[in-house]
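Working notes, structure below.
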Amino acid sequence: MRNKAKVIAVFALMAYVSNFIWESLHAPYLYASHTFNLSFWPLMAYAAGMDALLLLSIFFAGTLIWKNFWWFRRDGVMFCLYIVITGIIVAAIIEYKAVYTFHQWTYSNLMPTVFGLGVSPLAQLALTGLLSVSIMRQFFAHHAL
39 MRNKAKVIAV
49 FALMAYVSNF
59 IWESLHAPYL
69 YASHTFNLSF
79 WPLMAYAAGM
89 DALLLLSIFF
99 AGTLIWKNFW
109 WFRRDGVMFC
119 LYIVITGIIV
129 AAIIEYKAVY
139 TFHQWTYSNL
149 MPTVFGLGVS
159 PLAQLALTGL
169 LSVSIMRQFF
179 AHHAL
């Protein structure tokens, strides 16, 4: 059980840090209402925390799908595709609701879009999820569980 707790902690930390960096780099340039100042950091911390929770949900869903907590250690395109496709679907739902249903934010002229949704947020969970799994795999390849 301690080993699983370590895995969850490392994954959550990697997911949070990678999403905090992503949010901090893309938000001030690609969203119309975001600015780059100190008042901006709590929002980025909150967004990164929510993104980390979403990635943990994707991780645990993978555990249920493959009936194996250690599924992330397996090599294979299927596992990468699972993270990418699930991340894009989750991001698309969130972006659509935030932009078109609840009008929480708008994109700046710099945001490239696909079907009216921002490319950067669509790619975010997929890429930060892959990065988090990759770092976690490397970490546990060099550290005993």
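First residue of the sequence shown: 39, per my numbering; consecutive thereafter.
Here a beta-carbon is modelled for each residue, glycine too, at the ideal position from N, C-alpha and C.
The structure displayed is predicted, hence computed values, not measured ones.
Query, Result
"Can you tell me whether residue 162 is buried or exposed? The criterion is at least 16 other CB atoms within 10 Å of its CB, across all chains shown.", "buried"
"Would you report the Cα separation of residue 39 and residue 153, rounded to the nearest angstrom?", "44 Å"
"Please go through the region 92-165 and give each complete alpha helix (DSSP H) segment of 4 or more residues, from N-terminal end onward.", "115-134"
"How would you label residue 138, buried or exposed, when you count the other beta carbons within 10 angstroms and need 16 or more for buried?", "exposed"
"Can you tell which of 121, 90, 151 and 115 has its C-alpha closest to the C-alpha of residue 101?", "121"
"Give the C-beta separation of residue 96 and residue 156 to the nearest angstrom, bearing in mind that I take them to be a contact with Cβ-Cβ under 8 Å.", "Rounded, the Cβ-Cβ distance is 20 Å, inconsistent with contact."
"Determine the extent of the alpha helix (DSSP H) in which residue 69 is found, giving its start and end residues.", "Counting along the chain, residue 69 falls outside any alpha helix (DSSP H), and DSSP gives it neither H nor E."
"Using only the alpha-carbon positions, how far apart do residue 50 and residue 108 sit?", "15 Å"
"Does the beta-carbon of residue 74 have 16 or more other beta-carbons within 10 angstroms, so that it is buried, or is it exposed?", "exposed"
"Give the straight-line distance between the Cα atoms of residue 174 and residue 165, rounded to the nearest whole angstrom.", "14 Å"
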